[in-house]
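In the numbering used here, the protein residues as written are 40 to 103. Below is one structure, written out as structure tokens; comments come after it.
Here's what the structure looks like:
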């Protein structure tokens with residue numbers, strides 16, 4: 040997850056495992072805005088990510 044000051048945009052997370060989020064206050068309410076590319080976050084993507092972590096590889100190896 041990356042906390043951003045700017046509004047999250049699809050172009051910034053496309054093809055990545057990042058999840059961009061920002062928080063704003065509007066009319067006395069808290070507004071949370073987020074953006075992610077869910078195409079890579081299926082079970083297969085998570086399995087590869089966990090394999091990488093278990094065996095000491097960079098987390099995004101073979102995912103990007």
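Just so you know, even glycine gets a beta-carbon here, dropped at the ideal spot from N, CA and C. If you're wondering where the values come from, they're calculated on a predicted model, not measured in any experiment.
### Task
Specify whether the stretch 76-95 and the stretch 49-68 touch according to this definition: at least 3 beta carbon pairs, one from each stretch, less than 8 Å apart.
Per the Cβ contact rule, the stretch 76-95 is in contact with the stretch 49-68 (3 or more Cβ pairs under 8 Å).
### Task
Measure how close the beta-carbons of residue 61 and residue 44 come, nearest whole angstrom, since I'm counting them as under 8 Å.
By a beta-carbon distance limit of 8 Å, residue 61 contacts residue 44. Their separation comes to about 7 Å.
### Message
Less than 8 Å between the beta carbons of residue 87 and residue 72, yes or no?
### Response
Cβ atoms of residue 87 and residue 72: not closer than 8 Å.
### Message
Give me the residue from 81, 42, 99 and 85 with the minimum Cα distance to residue 63.
### Response
The shortest CA-to-CA distance from residue 63 to any of 81, 42, 99 and 85 is the one to 42.
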